[in-house]
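Visitor: First the structure, which I've put down as structure tokens, then a few questions once you've had a look.
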Amino acid sequence: MDRSPAFSRINSRLFPNAFLWMAGSGRRWRGLPEHPGGWRSVKGRSYRWINVSVLDDVLAALAREADLEWLMIDSTIVCTHQHAAGPTQSQRGTDAGA
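Quick note, the sequence shown lines up with residues 206 to 303 if you use the working numbering.
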């Protein structure tokens, strides 16, 4: 593996952020904000990770460790407007089934 400054330990911590920024923004590599080693190093490492399945392994590990509890909605904390609850009892009359 290349041990140039673009692949130092510090840059290894910044690389996932740069990669996620690219994935989320949909911009071109040259549009990447200033990154140690430049956009070419991020692009090159991204393609290497894809070619040797490192990216697949990282995504699989993240999926296994995902904390999905935050996706649940607890009705005790959800506030709605009074009209969001549906018709009142007096409005349910004969039109309710129509």
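Quick reminder that beta carbons are idealized off the backbone N, C-alpha and C, glycines included.
1. Would S251 pass as a contact of M227 if the rule is Cβ separation under 9 Å?
2. If we count the other Cβ atoms within 10 Å of its Cβ and call it buried at 16 or more, is L276 buried or exposed?
3. Put R269 into one of helix, strand or coil per three-state DSSP.
4. For W244, collect the residues of the same chain with a Cβ closer than 7 Å to its Cβ; drop the 5 residues on either side in sequence, then sort them by chain order.
5. Using the beta-carbon count (16 or more within 10 Å), is S246 buried or exposed?
6. In three-state terms, what does DSSP make of R250?
7. Distance check for L273 and S217, CA to CA, integer angstroms please.
8. Helix, strand or coil: how does DSSP classify G236 here?
Guide: Inspection of the coordinates gives the following:
1. Using a Cβ distance threshold of 9 Å, S251 and M227 count as a contacting pair.
2. Answer is exposed; the Cβ neighbour count stays below 16.
3. In the structure shown, R269 sits in a helix (DSSP, three-state: H, G or I).
4. Counting only Cβ-Cβ distances below 7 Å, and skipping sequence neighbours, we find W234, R235 and L237.
5. Taking all protein chains in view, the Cβ of S246 is crowded by 16 or more other Cβ atoms within 10 Å, so the residue is classified as buried.
6. Of the three classes helix, strand and coil, the one that applies to R250 here is helix, per DSSP.
7. CA-CA distance, S217 to L273, rounds to 27 Å.
8. Looking at G236 - three-state DSSP - the assignment turns out to be helix.
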